[in-house]
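Have a look at the structure below, then the notes.
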């Protein structure tokens with residue numbers, strides 16, 4: 003079975019599984035396990051995006067930046 007990606011695990015707040023996946027990768031790459039574990043814990047405890055709450059987005063957020071506006075309009079016309 004292929005493990006989930008670290009990005010997916012972070013997004014879904016599965017930090018224990020994230021640590022396992024990253025420690026396994028560090029071991030396979032011959033990295034210092036104590037240093038790897040310290041870096042993983044540092045990332046989890048200090049990453050600013052982990053504290054952000056989701057769910058406050060609206061359809062108007064798709065028009066916030068020029069790139070999002072362009073992509074949204076293109077998708078609407080293609081649909």
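Numbering (the numbering used here), first residue to last: 3 to 81.
Quick reminder that beta carbons are idealized off the backbone N, C-alpha and C, glycines included.
Through-space distance from residue j to residue i, alpha-carbon basis
i: residue 38; j: residue 22; result: 11 angstroms
i: residue 69; j: residue 6; result: 30 angstroms
i: residue 63; j: residue 35; result: 42 angstroms
i: residue 80; j: residue 65; result: 17 angstroms
i: residue 32; j: residue 59; result: 42 angstroms
Opening and closing residue of the alpha helix (DSSP H) in which residue i lies
i: residue 1; result: Given a span of 3 to 81 for the chain in the structure shown, any question on residue 1 remains unanswerable.
i: residue 65; result: Note, residue 65: premise wrong, no alpha helix (DSSP H); not H, not E.
i: residue 21; result: 17 to 30
i: residue 33; result: Unbroken run through residue 33: none, as it is neither H nor E.
Cut-off 7 angstroms between Cβ atoms - residues of its own chain near residue i, not counting five sequence neighbours on either side
i: residue 28; result: 35 and 38
Spatial neighbours of residue i in its chain, beta-carbon cut-off 8 angstroms, leaving aside the 5 residues before and after
i: residue 42; result: 20, 21, 24 and 25
Close-in-space but distant-in-sequence residues of the same chain around residue i (CB under 6 angstroms, 5 per side omitted)
i: residue 11; result: 19 and 20
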